[in-house]
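Data block below; observations after.
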Amino acid sequence: MTPPTLLVVDDEARILSVLQRALRREGWRILTAGNATDALRILEAEPVDAVLTDHKMPRMSGLDLLEAAAGRRPAAARFLISGWPDEVPAERLNALGIRALIPKPWDDAELRRVLRDSLAR
Amino acid sequence: MGLSRDPVRIVVVEPLASADHPSLGTAEALRRIGRGARLEVVNDAEAALELVRRRADLVVLDRRLGKPAERVLTALRQSGPPVVIVTDRAGAEAALETFRKGAADCVTASTDYGEVLPVVALEQIRSHRRREARRAERHRIRSLERIHAAIVDQFPAALAVLDAAGCVVTVNPEFERAFGVGAPEGKPLAEILPADLLESADLIELLARARSGAERAPRIARMRDGERTRAFDARAERLDPEGQLLLVLADVTERERLAKNVRDLRRYLENIIQNMSSGLVVVDDAGRVAASNPMAEQILGEARGALRGRAAAEWFGHAAAADGSITRSLRAGARVRGAEGVATRADGRSVPVAISSSPLLDADGTQLGAVVIFSDVAELVQLQSQVLHTEKMASLGRLAAGVAHEINNPMGFVHANLAQMTEYLGDVGRLLDAARVGPERFAALAHELDVEMLLQDFGQSIRESQEGSERIRHIVQDLRAFAHRGDGEWVDADLNRCVDGTAHIVWTMMKHSVVLRKDYGPLPPVRCHPKQLEQVFMNLLVNAYQAIEARAARGGAAGGEILLRTAPVAEGVVVSVSDDGVGIAAEHADRVFEPFFTTKEVGEGTGLGLSTSFEIVRRHGGSIRSFPREGGGTTFEVYLPKQGPPAP
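Protein chains in written order, with numbering that gives the first Met the number 0: chain A, 0 to 120; chain B, 0 to 647.
Written out as structure tokens, the structure is:
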């Protein structure tokens with residue numbers, strides 16, 4: 000059985016690095032992208048089951064990326080992580096069917112729990 | 000027997016001596032008068048009259064000449080010298096007849112002719128001269144009387160002659176006109192002149208003093224005349240021992256009004272000059288102080304009146320800007336407004352001043368010197384620097400969200416790493432516990448936890464945490480460096496470094512949403528205050544960032560691009576900042592450099608950013624302008640001359 004695939008997107012490489020370590024023991028296949036363009040390319044090519052993306056990024060925001068992801072891979076679960084969760088428009092969150100809005104900094108255990116609910120087979 | 004030193008001229012008119020007309024001895028008789036008389040003897044009427052026309056005191060006419068004698072007598076009858084008729088005995092009767100026709104005297108050549116004729120001649124000459132003198136005197140008196148009458152009639156003051164009792168003897172036309180009286184002769188002055196005029200200068204007393212010959216100064220008398228008050232200079236003079244007086248009343252209303260106007264104007268100007276809140280110094284064409292006001296003394300720290308006569312260069316000569324303004328006004332007649340300079344006070348301290356200087360011209364346009372007005376702008380300079388600093392802090396404030404984001408990112412992963420290290424430490428603890436139990440237990444747990452990976456991750460977490468805290472430290476450092484007040488020195492700076500340093504700080508705060516492209520050209524050194532220019536570039540970059548954010552907030556795509564360019568141009572450099580943000584509305588384009596103009600929400604901007612930038616650039620002798628960028632957004636372009644601001 001192939002492990003579930005999680006795509007993590009953040010323009011900050013260190014965040015990608017620490018997230019990868021936090022989720023290592025879950026046994027998932029973790030792909031990373033430093034910007035929305037790379038993330039969309041991966042979404043085209045890989046069987047992604049869940050997308051976890053930062054919101055504030057240059058050129059294309061996390062919400063815009065998740066909107067594009069929903070078009071390409073509607074089955075993939077969508078998660079947004081943000082340093083300013085209050086600033087993320089709630090109506091768009093609902094419209095895009097975002098599973099969870101995770102505040103930054105996050106609690107590792109809480110993050111793993113939220114992701115597990117969606118990725119457990 | 001002479002008459003006077005003035006020789007008398009006697010014309011003798013007689014027939015040529017012949018048998019019919021033997022000589023009577025007339026000329027011989029008259030020669031006895033002596034050297035005091037000059038004798039001319041002629042034989043016909045025309046020659047005689049010609050001599051008389053030239054000048055003659057007496058004509059002696061020989062009756063025997065007949066018709067010509069008649070002609071001479073007729074011609075001289077109305078005017079001319081006296082004519083004495085002489086004749087022989089035979090013609091005595093006829094001679095008496097001519098005497099009646101106007102001759103002055105008649106002498107018959109008898110035995111004592113030689114004695115009688117000179118006596119008669121001299122007597123006639125004397126009485127003729129007396130008559131002439133009286134006539135000249137009468138003529139002179141008549142002429143004086145005409146002059147006197149003309150003066151009195153035309154004299155522009157009211158004149159009155161008063162008798163000893165104070166009644167009017169006569170007045171001149173000006174008197175009648177001035178006081179509206181006619182035929183005042185014989186009336187007392189009090190009946191003619193208005194009471195207020197008499198009383199205001201106590202004219203009756205003035206007249207009494209004049210009559211008694213006491214010392215009297217002219218007085219000013221006043222009277223109401225409808226709406227206005229007329230003023231007269233009043234003087235009195237005793238004319239004769241009998242006590243006749245001359246009263247002179249000269250209307251000085253207009254003169255007083257003009258004098259008052261001049262006084263008022265002078266007081267008005269003096270008030271302004273004395274009380275103005277700027278220093279005022281008037282310098283002569285040699286640059287020496289001719290006049291000053293108290294504020295000038297105060298600003299320059301000098302005692303009252305201590306400026307006069309000293310060279311303005313004593314205070315203004317130490318700073319080119321101030322001294323140059325005065326010199327240019329003096330030499331070239333230039334008007335300099337609001338030049339920034341420095342004055343050196345008496346105590347050696349320097350005061351920043353704003354100085355204006357204009358040439359001082361007289362009514363004909365000849366330059367007399369210069370008028371220099373200056374203000375102590377120390378407080379203003381301090382305020383300006385405060386505004387600069389406040390605006391700088393405000394632009395930092397506008398970056399706060401970006402700063403928070405930039406700090407939050409490293410904070411985020413430092414936090415996550417710390418949490419992970421706690422977990423790793425827990426794992427290490429469990430491994431130690433297992434080791435105490437026994438090697439098998441330890442080996443099993445080590446395998447389960449993948450100790451190699453655990454140690455690798457632990458190390459990674461520590462390194463990333465260190466890096467994160469280092470990044471936060473850098474951000475704080477940059478902010479502190481930017482917030483630092485710059486010193487006020489002009490230096491030759493590399494603007495590429497200045498622009499790039501500012502871009503680095505600002506971009507750190509906005510890189511989560513903005514791509515910054517740089518295009519730097521080779522620049523000459525520019526004379527400037529680098530810290531102030533950093534503020535301008537910062538302000539333009541933050542504006543560009545906010546324009547991009549604003550576009551995203553209005554539903555446009557998130558993120559954007561800022562293009563930062565520098566390029567050399569003739570005599571200077573151009574720095575431009577272009578964004579693809581929301582752009583400036585056409586109706587706001589003219590107002591963006593106005594102080595307090597802002598389209599931002601309360602708390603987002605002070606409305607001073609661009610006006611402060613404008614002011615900073617202006618002080619550098621440069622210019623700043625904005626124009627729409629093709630495809631949306633705005634470009635701001637700053638021109639800076641490499642020599643810095645021109646000397647004023």
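We put the CB at the ideal spot given by N, CA and C, even for glycine.
- A distance below 6 Å between beta-carbons, with the five flanking residues on each side excluded, links A182/B to no residue of its chain.
- In this structure, R526/B and K641/B form a Cβ contact; the two beta carbons are roughly 7 Å apart against a cut-off of 8 Å.
- By the neighbour-count criterion, in which a residue is buried when 16 or more other Cβ atoms sit within 10 angstroms of its Cβ, G580/B is buried.
- What D116/A touches in chain B, judged by beta-carbon distance under 7 Å, is nothing: the nearest beta carbon there is about 20 Å away.
- Between the alpha carbons of V490/B and L639/B lies a distance of about 14 Å.
- Taking C-beta separations shorter than 7 Å and ignoring five residues to either side along the sequence, I140/B has no partners in its chain.
- Taking one beta carbon from each stretch, the region 366-380 of chain B and the region 473-482 of chain B have fewer than 3 pairs nearer than 8 Å; the two do not touch.
- Non-local beta-carbon contacts of E269/B in its own chain, meaning distances under 8 Å to residues more than five positions away in sequence, are absent.
- Within 8 Å of the CB of V17/A, the CB atoms of chain B belong to F412, A415, N416, Q419, S460 and E463, in sequence order along the chain.
- DSSP lists V573/B and S622/B as the beta-bridge partner residues of Y638/B.
- T611/B is not a Cβ neighbour of A546/B, given a cutoff of 8 Å.
- Residues of the region 389-408 of chain B with a C-beta atom less than 7 Å from some C-beta of chain A are H404, N407 and N408, listed in chain order.
- For Q19/A, there is no enclosing beta strand (DSSP E); the residue is part of the alpha helix (DSSP H) that begins and ends at A12 to L22.
- The beta strand (DSSP E) runs of length 3 or more contained entirely in the region 22-49 of chain A are, from start to end of the chain, 28-32.
- Among the residues facing chain B, E109/A is not included, as its CB has no counterpart in that chain under 8 Å away.
- Taking a contact to require three or more Cβ pairs closer than 8 Å, the region 460-467 of chain B and the region 7-20 of chain A qualify as touching.
- Between T565/B and V513/B a beta carbon distance of about 19 Å is seen, past the 8 Å cut, so the two are scored as non-contacting.
- When beta bridges are read from the DSSP output, E339/B appears opposite A353/B.
- By the neighbour-count definition (other C-beta atoms within 10 Å, threshold 16), F592/B is a buried residue.
- Annotation for V261/B: the continuous alpha helix (DSSP H) segment containing it runs T252 to N274.
- Residue-level contact check: K510/B touches chain A, since one or more beta carbons of chain A fall below 8 Å from its beta carbon.
- Contiguous beta strand (DSSP E) elements confined to the region 13-47 of chain B occur at 36-41, taking only those with 3 or more residues.
- Just measuring C-alpha positions, the residue of D87/B, Q531/B and E49/B sitting nearest R70/B is E49/B.
- Residues of the same chain with a CB within less than 8 Å of the CB of R327/B, apart from the 5 flanking positions on each side, are A333, V335 and S356 in chain order.
- It is roughly 12 Å from the alpha-carbon of E144/B to the alpha-carbon of D152/B.
- Of D456/B, E27/B, E175/B and A200/B, the smallest CA-CA separation from I191/B is found for E175/B.
- Between E173/B and A200/B, the C-beta gap is not smaller than 8 Å, which leaves the two residues out of contact.
- With contacts defined by Cβ atoms closer than 8 Å, R254/B and V288/B do not form a contacting pair.
- Neighbours of V513/B across chain A, judged by C-beta separation under 8 Å: P57.
- When Cβ-Cβ separations below 8 Å define contact, I101/A makes no contact with chain B.
- Nearest C-alpha to L540/B among A68/B, S575/B, E198/B and A569/B: S575/B.
- Neighbours of I29/A in chain B, taken as residues at a C-beta separation under 7 Å, are lacking, since the least C-beta distance is about 14 Å.
- Taken in chain order, the unbroken stretches of beta strand (DSSP E) that lie wholly in the region 100-188 of chain B and span 3 residues or more are 104-107, 157-161 and 167-170.
- Between the beta-carbon of Y423/B and that of L453/B there is about 6 Å, and that keeps the pair under the 8 Å contact cut.
- Proximity of D63/A to chain B, defined by a Cβ-Cβ separation below 8 Å, is satisfied.
- Under the three-state reduction of DSSP, T507/B is assigned to helix.
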